[in-house]
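Note sheet for the following structure.
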Amino acid sequence: MDTTQRTDQQRSADRRRRELLEAADRVVLRDGPQASMNAIAAEAGITKPILYRHFGDKGGLYAALAKRHTDALLDSLRAALDAPAERRERVEATLDTYLAAIEARPQVYRFLMHPAEGSHPGDQGFDVGKHSAPLLRRMGEELAQVIEERLDLGPGGQQLARVWGHGIVGMMHAAGDWWLGERPCSRAELVRSLADLLWGRLAAAGDRVGGPGF
Numbered sequence: 001m002d003t004t005q006r007t008d009q010q011r012s013a014d015r016r017r018r019e020l021l022e023a024a025d026r027v028v029l030r031d032g033p034q035a036s037m038n039a040i041a042a043e044a045g046i047t048k049p050i051l052y053r054h055f056g057d058k059g060g061l062y063a064a065l066a067k068r069h070t071d072a073l074l075d076s077l078r079a080a081l082d083a084p085a086e087r088r089e090r091v092e093a094t095l096d097t098y099l100a101a102i103e104a105r106p107q108v109y110r111f112l113m114h115p116a117e118g119s120h121p122g123d124q125g126f127d128v129g130k131h132s133a134p135l136l137r138r139m140g141e142e143l144a145q146v147i148e149e150r151l152d153l154g155p156g157g158q159q160l161a162r163v164w165g166h167g168i169v170g171m172m173h174a175a176g177d178w179w180l181g182e183r184p185c186s187r188a189e190l191v192r193s194l195a196d197l198l199w200g201r202l203a204a205a206g207d208r209v210g211g212p213g214f
């Protein structure tokens, strides 16, 4: 098989995978954690064995959807951090971007972060922590890198940036999960309250020399 033929086959496989993920997204938007492999296969117009061939099992499909949505969310968070505004405004905009994302697609959020709510007989052994924890860890590492690149945290700055990155993501996740379930206040009120909690050390830290600024 020549290189051109292999490339064409890979493009075809990538396109088919995207189509299947789009079908899975439609089912998740409709059913949330109740989304089943059977329903996704039906939405895609294929049999379940073909779906398994592409993703292995529900864990494989979950991982692919998680990457798809986490990539999009991280792009939005980076855009908020890079916006031409004062630091406090960008902190609030970043918090609001995360909360707006989970508010806009609560079924997707619940599928990704609370998949056990929709466990089906054929999904036995699906480990929630094994699949959802890496999403938060990845976001924490990404935010830690942003903080390290932009703020002068002095000696031990790399470790402190990781502490802050994972701590901020954990706070956003826990507060957002609670808020999405109970709606005790407006999104704007929650953003202001969380920003107030973060602001002390963030306000005091100087920008890293030669960095893009925070």
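Just so we're aligned, residue 1 is where the sequence shown starts under the numbering used here, counting upward by one.
C-beta: ideal position from N, C-alpha, C; glycine also.
In its chain, beyond the 5 residues on either side, L99, C185, R187, L190 have a beta carbon closer than 8 Å to the beta carbon of W179.
Counting other Cβ atoms within 10 Å of its Cβ, E182 stays below 16 and is therefore classed as exposed.
Here DSSP, grouped into helix, strand and coil, assigns L198 to helix. Contact between the stretch 89–97 and the stretch 50–64 is not established, with fewer than three Cβ pairs separated by less than 8 Å. Between F111 and P33 the beta-carbon gap is near 5 Å, inside 8 Å, which marks them as a contact.
Annotation for E86: no alpha helix (DSSP H) segment contains it, and DSSP assigns it neither H nor E. Here V209 is exposed. Its C-beta has fewer than 16 other C-beta atoms within 10 Å. When only Cα atoms are considered, A35 and S12 end up about 26 Å apart. Along the stretch 129–191, the alpha helix (DSSP H) occurs as fully enclosed runs of 4 or more residues at 157–182, listed in sequence order. The secondary-structure analysis by DSSP pairs D207 across a beta bridge with L151.
By the neighbour-count definition (other C-beta atoms within 10 Å, threshold 16), P155 is an exposed residue. Contact between A93 and A101 does not hold, since their C-beta atoms are separated by about 13 Å, which reaches or exceeds 8 Å.
Going by beta carbons, L135 and T47 fall outside the 7 Å limit.
For I46, no alpha helix (DSSP H) segment is defined, and its DSSP state is neither H nor E. The shortest CA-to-CA distance from R192 to any of D96, I40, N38 is the one to D96. Judged by DSSP secondary structure, P106 falls within the alpha helix (DSSP H) whose first and last residues are 106–113. With contacts defined as CB atoms closer than 7 Å, A205 and L143 fail to qualify as a contacting pair. Here the C-alpha atom of S132 lies approximately 20 Å from the C-alpha atom of S76.
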